[in-house]
Each structure stands twice: as structure tokens, then as C-alpha cells.
Amino acid sequence: MSAVAGAAGAVAVARAARGPAVRCAVACAVLAAALAVSVAGQLALGRGLALDGVWAALTRSGADPTGEHILWALRMPRAAVAVLAGACLGVSGLLLQIALRNPLASPELTGVGGGAVLGVVVALRLGAVAGQAATAVLAAMAGGLAGGGLLWLLSGRRRTDPVWLTINGVLVGVALSGVTAVLLVLSQAEAAGALRWLTGSLTGLTADHLRMLAPWAALGILSAWLLSPLLAVMQGGDEHAAAVGLAVRPARFAALLCAVVLAAAAVAVVGVVGFVGLIAPLLATAVVGREPRLLVPVTALAGAVAVSAADAVAQAVTLLVPAGAETQRLGLPAGSVTAVAGAVLLIIAVRRQHTLGERP
Numbered sequence: 021m022s023a024v025a026g027a028a029g030a031v032a033v034a035r036a037a038r039g040p041a042v043r044c045a046v047a048c049a050v051l052a053a054a055l056a057v058s059v060a061g062q063l064a065l066g067r068g069l070a071l072d073g074v075w076a077a078l079t080r081s082g083a084d085p086t087g088e089h090i091l092w093a094l095r096m097p098r099a100a101v102a103v104l105a106g107a108c109l110g111v112s113g114l115l116l117q118i119a120l121r122n123p124l125a126s127p128e129l130t131g132v133g134g135g136a137v138l139g140v141v142v143a144l145r146l147g148a149v150a151g152q153a154a155t156a157v158l159a160a161m162a163g164g165l166a167g168g169g170l171l172w173l174l175s176g177r178r179r180t181d182p183v184w185l186t187i188n189g190v191l192v193g194v195a196l197s198g199v200t201a202v203l204l205v206l207s208q209a210e211a212a213g214a215l216r217w218l219t220g221s222l223t224g225l226t227a228d229h230l231r232m233l234a235p236w237a238a239l240g241i242l243s244a245w246l247l248s249p250l251l252a253v254m255q256g257g258d259e260h261a262a263a264v265g266l267a268v269r270p271a272r273f274a275a276l277l278c279a280v281v282l283a284a285a286a287v288a289v290v291g292v293v294g295f296v297g298l299i300a301p302l303l304a305t306a307v308v309g310r311e312p313r314l315l316v317p318v319t320a321l322a323g324a325v326a327v328s329a330a331d332a333v334a335q336a337v338t339l340l341v342p343a344g345a346e347t348q349r350l351g352l353p354a355g356s357v358t359a360v361a362g363a364v365l366l367i368i369a370v371r372r373q374h375t376l377g378e379r380p
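Residue numbers (the numbering used here): 21 to 380.
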């Protein structure tokens, strides 16, 4: 919870600073500190290694081989995946909000998240991917593109209306989730293997998952930052973009494609971690303003803090479950924590800032 307080403190401290660049630097510093606290919580909590044995395993001084294996082969990759997945989801949401001119756009509210999960489940049924196969990312991308394309077609001429697009996004998400549920009911074997993707759990992640996510995260976030000048022009509206010579459709397609790649990569590894792609950009915008060049790094850090802190909280809650219980073996999914916290923050954002009536 200290990480969440640190993220909130970043808003207050950065707002007090003068100039967007200074606010960005202050926000990045505070969020980096909050991220360090969250990662420390992830490494310190969990089953199989007591708190007093974490430091010994970290320094490899007197720790038993089992403790070192738990820390370096399980907890370290899990923490690293949480950081990268959160950054991917945060930046993906930022790109969607700017490209669609909808402050409520996010992977789970545009069909991208649900489509990505459906793509992985379909690939599982076809035997095209395994739990740690790199092809899972490609399957998630195909599903994410299909889900986003379906929303785009259904929205028709009213796709620039934030409320209309959000309503259709919720409907598309529900429909895709229904199809996914039907496929899992038809095959109980895939249902067990797909639990992580459905709940947004980081349990059982290893270095293989980290290696699968890292290249896509680096490529996607770098591409988003390189697209910052185009995004800044797009924020002024299509007419403004066309007036200054920007080809709007190719620019929007590039931003949406980058958003799908980032969201699909995260979903393929950790599953649906709700509201991160919605709240992280809103928090970053409140801190540094609307300059995409500054928003990308701040949003990435905010998303990383959100997922890392949520996983630390999930592990702490799991430890409270009596030993030997089935729920302790599975662990509380981090996606459940972000869903609850994100819903509360979304209500606050809508009520205080009248988000539904604003355009980015």
C-alpha cells in the first residue's frame, strides 16, 4: 500500500513543480521510488521462503539452495514480468486514448484485451501454443486486432463519441468473454491451463516468460515514444492534423497497432490485468499534462507500479489463507486487486473531473 501512497504523492509533488519537464522528472523519481518499494514487497512476500531468508538468498550468503532457487528463479522473474507487463498495459492505454480521442479507452474497454485472451485460448485448442511458447504473443496479437477491429466496425460513424465507443467496447468485451467461456467449457484441459490468462495471475512465472515479454515490451514502448510527435498532432483533432500535413489514417493505424502489440504481449504472459491501461494514463496526464513525449515514460512507470503493487498485495492476502487450502496454492490474482482498485479510482476520476465529457 505504500507504493500506492507513493504514486499519489507523485501527483501532489509534481503538480507543485513548475514546467512540464520538471514535473515529469519529479513524477518519474517518485514513481521509481514507489516501484522499488513494490518490487521489494514482491520479493519479500510469498510462500516457501521466510522474510528473514530473503536477504541471505539475495546476497547468496548462507542461504540454502532451495531459498536461492525460490528467490532467483521464481520471485525475481515474477517481479520483472510485473514491471514490464504494467508498463506495456499503461502505454497501450495511453495510445488508445489518444488515437481514439477517448479518455476512457483501454485494452479491456476496446475489445483488445478480450480479443487477446480469446486468441490465446483458440491457439491452445488448436495446439498451436504452449504455456511458455513465444507464439502465444502472436496469437494474442491476432485476437487483439480482431477484437479491436470488431469494435471499430460496430461503432460506425459514432466511433469518435467517447460514451458510445465505451458502451460498445463493454459489449464487445462481454461477447468475447462469452465465446472464450464456451471454448473452455468444451475442453476442461484448456480451462485449467487458461486460468492465468482469465484472472491476470503472475503465479508460476519464470525467466522463460520474462524472455518472451521483454523484446515486445522494449519494441512497443520505444515505438510509442518515437510516435510522440505524431500523437501530439493527433491530439488537436483530425482537421488540425490534416491542416498541418499529417496523414491521419496511417498515423492512427500506427498508434493503434503499437497499442495492440503492447497489450497483447502483456496479456499473453500475465492475462487480463484490468484498469491498468485506463488509470495509468489518467494519472500521468494529471501530473505532466498532455505532452506525449513526457506522458509515455510517466505512464509506463505508473503502469509498472500498479501491477507490481497489486501483485505484492495479492501475495500478502494469499499468505493470510490457512495453509493447505486450495486457494493458497493458486494464490489471489493480481488482476483482482487492480480491478477493485481501478474501479474505485475510475469512479473518483469521473465524478471529480467529469471525464465522460472531456476529449484528450
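The beta-carbon is built from N, C-alpha and C at its ideal position, and this holds for glycine as well.
Separation of residue j from residue i, as counted between CA atoms
i: residue 183; j: residue 191; result: 12 Å
i: residue 229; j: residue 304; result: 28 Å
i: residue 138; j: residue 39; result: 44 Å
i: residue 155; j: residue 102; result: 20 Å
i: residue 43; j: residue 307; result: 7 Å
i: residue 358; j: residue 294; result: 6 Å
i: residue 125; j: residue 231; result: 29 Å
i: residue 68; j: residue 339; result: 11 Å
i: residue 215; j: residue 291; result: 9 Å
i: residue 75; j: residue 365; result: 35 Å
i: residue 368; j: residue 246; result: 32 Å
i: residue 144; j: residue 200; result: 11 Å
i: residue 353; j: residue 286; result: 15 Å
i: residue 360; j: residue 334; result: 12 Å
i: residue 274; j: residue 268; result: 10 Å
i: residue 257; j: residue 277; result: 19 Å
i: residue 168; j: residue 327; result: 23 Å
i: residue 309; j: residue 259; result: 22 Å
i: residue 336; j: residue 73; result: 17 Å
i: residue 22; j: residue 242; result: Only weak support is given to the placement of residue 22: the predicted model assigns it a pLDDT of 47, under 50, and the value that follows is read from those uncertain coordinates. Answer to the nearest angstrom: the Cα atoms are 29 Å apart.
i: residue 341; j: residue 371; result: 36 Å
Where residue i falls, given that 16 or more other Cβ within 10 Å makes a residue buried
i: residue 71; result: exposed
i: residue 302; result: buried
i: residue 376; result: For residue 376, the pLDDT reaches just 45, beneath the cut-off of 50, and the residue's location in the model is therefore unreliable, although a value from the coordinates is still provided. Counting Cβ neighbours within 10 Å, residue 376 comes out exposed, since fewer than 16 surround it.
i: residue 113; result: buried
i: residue 345; result: Unreliable placement is indicated for residue 345, whose pLDDT of 46 sits below 50; no coordinate value is reported for it.
i: residue 270; result: exposed
i: residue 314; result: buried
i: residue 58; result: buried
i: residue 249; result: exposed
i: residue 84; result: exposed
i: residue 218; result: buried
i: residue 347; result: Residue confidence is low: residue 347 scores 46 on pLDDT, short of 50, so the model does not pin down where it sits. Its coordinate-derived value is still stated next. That one is exposed.
i: residue 95; result: buried
i: residue 41; result: exposed
i: residue 80; result: exposed
i: residue 281; result: buried
i: residue 205; result: exposed
i: residue 146; result: exposed
i: residue 127; result: buried
i: residue 121; result: buried
i: residue 91; result: buried
i: residue 194; result: exposed
Cβ pair residue i, residue j closer than 7 Å
i: residue 325; j: residue 104; result: no
i: residue 254; j: residue 263; result: no
i: residue 318; j: residue 244; result: no
i: residue 296; j: residue 164; result: no
i: residue 115; j: residue 279; result: yes
i: residue 240; j: residue 107; result: no
i: residue 351; j: residue 223; result: yes
i: residue 238; j: residue 157; result: no
i: residue 7; j: residue 299; result: No information on residue 7 is available, as it lies outside the stretch 21 to 380 that the chain covers here.
i: residue 140; j: residue 166; result: no
i: residue 272; j: residue 119; result: yes
i: residue 135; j: residue 185; result: no
i: residue 251; j: residue 312; result: yes
i: residue 88; j: residue 100; result: no
i: residue 227; j: residue 123; result: no
i: residue 170; j: residue 198; result: no
i: residue 129; j: residue 189; result: yes
i: residue 399; j: residue 62; result: With the chain represented from 21 up to 380, any question about residue 399 goes unanswered, as that position is not in the structure.
i: residue 48; j: residue 321; result: yes
i: residue 161; j: residue 54; result: no
Proximity test, Cβ basis, 7 Å: residue i and chain B
i: residue 243; result: As a matter of chain content, chain B is missing from the structure shown, which is built from one protein chain.
- Only counting runs of 4 or more residues, tell me where the alpha helix (DSSP H) segments fall wholly within the stretch 310-363, in order along the chain. 312-339 and 346-350
- Task: Output the residue ranges of the alpha helix (DSSP H) runs that lie fully inside the stretch 226-302 and measure 4 residues or longer, sorted by chain position.
- Result: 227-246, 248-254, 258-263 and 268-290
- Message: Quick check for students: name the residue ranges of the alpha helix (DSSP H) that lie wholly in the stretch 112-148, counting only runs of 4 or more.
- Response: 132-145
- Counting only runs of 4+ residues fully inside the stretch 36-70, write out the alpha helix (DSSP H) ranges in chain order. 40-64
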